[in-house]
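A.B. asks: In this note's numbering, the protein residues as written are 5 to 273. Can you read through this structure? Questions will come right after.
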Ligand SMILES: N[C@@H](CCC(=O)N[C@@H](CS)C(=O)NCC(=O)O)C(=O)O
């Protein structure tokens with residue numbers, strides 16, 4: 005994957021790492037800062053009819069929602085939240101305290117999976133979910149299984165958990181390889197990306213950052229997982245992925261800040 009890697013870094017530099025939604029700059033309203041809003045800050049004023057995403061730039065779960073927003077070209081504005089010092093107004097919107105959260109005209113929705121499904125239903129152009137109930141149900145199974153990969157990623161960083169995490173990561177690779185063989189690829193959705201491609205992407209994007217420096221055995225081996233490798237390459241070509249991704253070094257630095265509890269949410273700004 006080395007050729008992909010260098011182009012990824014270049015891309016991330018070119019795109020400036022973040023999606024600047026057009027809505028932030030419309031109607032004469034000032035752009036909302038990309039920097040996090042912490043405890044004690046005032047809620048940036050809401051605008052009727054405008055969709056808002058409460059996020060954190062490096063959050064893989066919020067990236068799911070950002071991917072769907074980007075895929076569908078939905079205008080929205082972003083308010084990034086300091087997750088270690090959350091403002092009162094954020095707790096009021098999600099008492100569980102997790103990003104992503106979507107808000108529009110008094111409607112508030114949390115949980116990445118729910119936000120993505122709602123977006124796909126509420127903005128039906130560029131549909132991402134299959135109309136076949138069996139495939140839709142299976143996509144939920146694939147999403148459920150993905151939770152194991154997501155938790156294993158952080159396990160790879162902890163010496164006492166890394167061995168178990170590594171086994172789990174490879175079980176997940178093998179599982180998804182098999183699904184891609186059965187579905188034909190290059191995407192889980194077939195010739196085009198579907199919602200499940202975007203749902204499983206964010207932690208996959210972070211795997212090279214982890215395997216490069218900390219867990220080389222977690223690297224995706226093309227010979228062992230050819231379909232998954234092809235999926236990675238196809239995903240990197242998608243405009244929504246290019247629009248929402250960070251380079252491996254930024255992911256690595258951010259993961260270090262999580263481990264050291266310094267929480268560098270504004271990394272690169
Ligand atoms: N199940 C949630 C997970 C979201 C999540 O864990 N978000 C993290 C940031 S990456 C968060 O908000 N953490 C704040 C906290 O744990 O207090 C979803 O899919 O939306």
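Cβ coordinates follow ideal geometry from the N, Cα and C atoms, glycine included.
Say yes only if the C-beta of residue 63 is nearer than 7 Å to one or more non-hydrogen atoms of ligand 1, and no if none qualify.
C.D. replies: Checking the Cβ of residue 63 against ligand 1 gives yes.
A.B. asks: Mark residue 266 as exposed unless 16 or more other C-beta atoms lie within 10 angstroms of its C-beta, in which case mark it buried.
C.D. replies: Per the 10 Å Cβ criterion, exposed.
A.B. asks: Short of 7 Å in beta carbon distance, which residues of its chain neighbour residue 306, apart from the five on each side in sequence? Order them along the chain.
C.D. replies: No answer is possible for residue 306: it lies beyond the span of the chain, which begins at 5 and ends at 273.
A.B. asks: Below 7 Å, is the gap between the Cβ of residue 104 and the nearest heavy atom of ligand 1?
C.D. replies: Yes, since a heavy atom of ligand 1 falls inside the 7 Å radius drawn around the Cβ of residue 104.
A.B. asks: At 3 residues or longer, what runs of the beta strand (DSSP E) sit wholly inside the region 219-259?
C.D. replies: Correct list: empty.
A.B. asks: Given a cut-off of 8 Å on the beta-carbon distance, is the pair residue 160 and residue 170 in contact?
C.D. replies: Cβ atoms of residue 160 and residue 170: closer than 8 Å.
A.B. asks: Could you check the C-alpha separation between residue 234 and residue 41 for me, to the nearest Å?
C.D. replies: Straight-line Cα distance between these residues: approximately 39 Å.
A.B. asks: Under the criterion of a Cβ to heavy atom distance below 7 Å, does residue 60 qualify as lining ligand 1?
C.D. replies: Yes.
A.B. asks: If you count every other CB in all the chains shown that lies within 10 Å of the CB of residue 138, and 16 or more means buried, which is it?
C.D. replies: The residue is exposed, with fewer than 16 neighbouring Cβ atoms inside 10 Å.
A.B. asks: Taking the alpha helix (DSSP H) that residue 183 belongs to, which residues open and close that run?
C.D. replies: Looking at the DSSP string, the run of the alpha helix (DSSP H) that includes residue 183 is 166-187.
A.B. asks: My output table needs one value for residue 26: the three-state DSSP class, helix, strand or coil.
C.D. replies: Note that residue 26 scores 33 on pLDDT, short of 50, meaning its location in the model is unreliable; the coordinates nonetheless yield the value given after this. The answer is helix: DSSP assigns residue 26 an H, G or I state.
A.B. asks: The alpha helix (DSSP H) spanning residue 150 covers which residue range?
C.D. replies: Here the alpha helix (DSSP H) through residue 150 covers 137-159.
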